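Residue numbers (my numbering): 19 to 163.
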Amino acid sequence: MLPVSLPSLLVQDYPGDARIILVDDCSSDGTGRLARELAARYGGLPLTVVTPGEPERGWTGKLWALRHGIAVARREKPDFLLLTDADIAHEPDSLRDLVAAKPPRARTASTWCRRWRGFGWRASGSVWWCPPSSTSSGSSTRSAG
19 MLPVSLPSLL VQDYPGDARI ILVDDCSSDG TGRLARELAA RYGGLPLTVV TPGEPERGWT
79 GKLWALRHGI AVARREKPDF LLLTDADIAH EPDSLRDLVA AKPPRARTAS TWCRRWRGFG
139 WRASGSVWWC PPSSTSSGSS TRSAG
């Protein structure tokens, strides 16, 4: 799925500063190598591939990867974070549309609804936007983009 999903992020039509952080779990499928090849072929947004290593005790692989990716992204003090999966392809204007549709004070978006499109999942219009303080309280605001 990465040959479809990653290029859909690399070529986003977004006027602001944006970058992609791909968390490679060091599986045997060559994700990091393939991601770098795709970035060289498609250009577009800058890509950083990071590897968190083995999960600490009590962490699952997916949550460990998300935690690591968010920590790396926050070092740059971004205005927004978009959390997505390797099996989700994005429309060329989805990043711009998500930022334009955000509620006041929201800073994190995660695709909530996904639709099967023959070759993989596509982000639909439903997104969960979370205010900056929600990471500790668990509250969120839903916005249909």
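Note that beta-carbon positions come from the ideal geometry of N, C-alpha and C, so glycine has one too.
Being a predicted model, the structure only gives us computed values, none of them experimental.
* When we look at the beta-carbon of residue 95 and count the other beta-carbons within 10 Å, is it buried (16 or more) or exposed? -> Within the sequence shown, residue 95 is the residue found at index 77, counting from 1. Looking at its Cβ environment, which holds fewer than 16 other Cβ atoms inside 10 Å, residue 95 is exposed.
* Asked: In three-state terms, what does DSSP make of residue 65?
  -> Taking the sequence shown and counting its residues from 1, the one referred to as residue 65 is at position 47. In the structure shown, residue 65 sits in a strand (DSSP, three-state: E or B).
* Classification of residue 38 by the beta-carbon crowding that lies within 10 angstroms, buried from 16 upward -> As a first step, residue 38 must be located in the sequence shown, where it is residue number 20. Counting Cβ neighbours within 10 Å, residue 38 comes out buried, since at least 16 surround it.
* Could you round the C-beta distance between residue 69 and residue 103 to whole angstroms and report it? I think they count as a contact, below 8 Å. => Counted from its first residue, the sequence shown places residue 69 at position 51. Counted from its first residue, the sequence shown places residue 103 at position 85. The pair is not a contact, with the Cβ atoms about 17 Å apart (cut-off 8 Å).
* Any C-beta of chain C sitting closer than 8 Å to the C-beta of residue 97? -> In the structure shown, chain C does not exist; there is a single protein chain.
* To do: Can you have a look at residue 49 and say buried or exposed, based on whether 16 or more other CB atoms are within 10 angstroms of its CB?
  => Position 31 of the sequence shown holds residue 49. Classification for residue 49: buried.
* Could you tell me the distance, in whole angstroms, from the CA atom of residue 46 to the CA atom of residue 107? => On the sequence shown, position 28 is the one that residue 46 refers to. On the sequence shown, position 89 is the one that residue 107 refers to. Taking the straight line joining both Cα atoms gives about 23 Å.
* Identity of the residue in 120, 112, 105, 98 nearest residue 29 by Cα -> Position 11 of the sequence shown, counted from the first residue, corresponds to residue 29. With distances taken between Cα atoms, residue 29 lies closest to 112.
* To do: Can you give me the start and stop residues for the beta strand (DSSP E) that residue 41 sits inside?
  => Counted from its first residue, the sequence shown places residue 41 at position 23. Note, residue 41: beta strand (DSSP E), 38 to 41.
* C-alpha gap between residue 114 and residue 31, whole angstroms -> Residue numbering aside, residue 114 sits at position 96 when the sequence shown is read from its first letter. Residue numbering aside, residue 31 sits at position 13 when the sequence shown is read from its first letter. Using only the alpha carbons, I get a separation of about 7 Å.
* Alpha carbon to alpha carbon, how far is residue 99 from residue 81? Give it in angstroms, no decimals. => By one-based count along the sequence shown, residue 81 stands at place 63. By one-based count along the sequence shown, residue 99 stands at place 81. Each residue's Cα considered, the two are about 16 Å apart.
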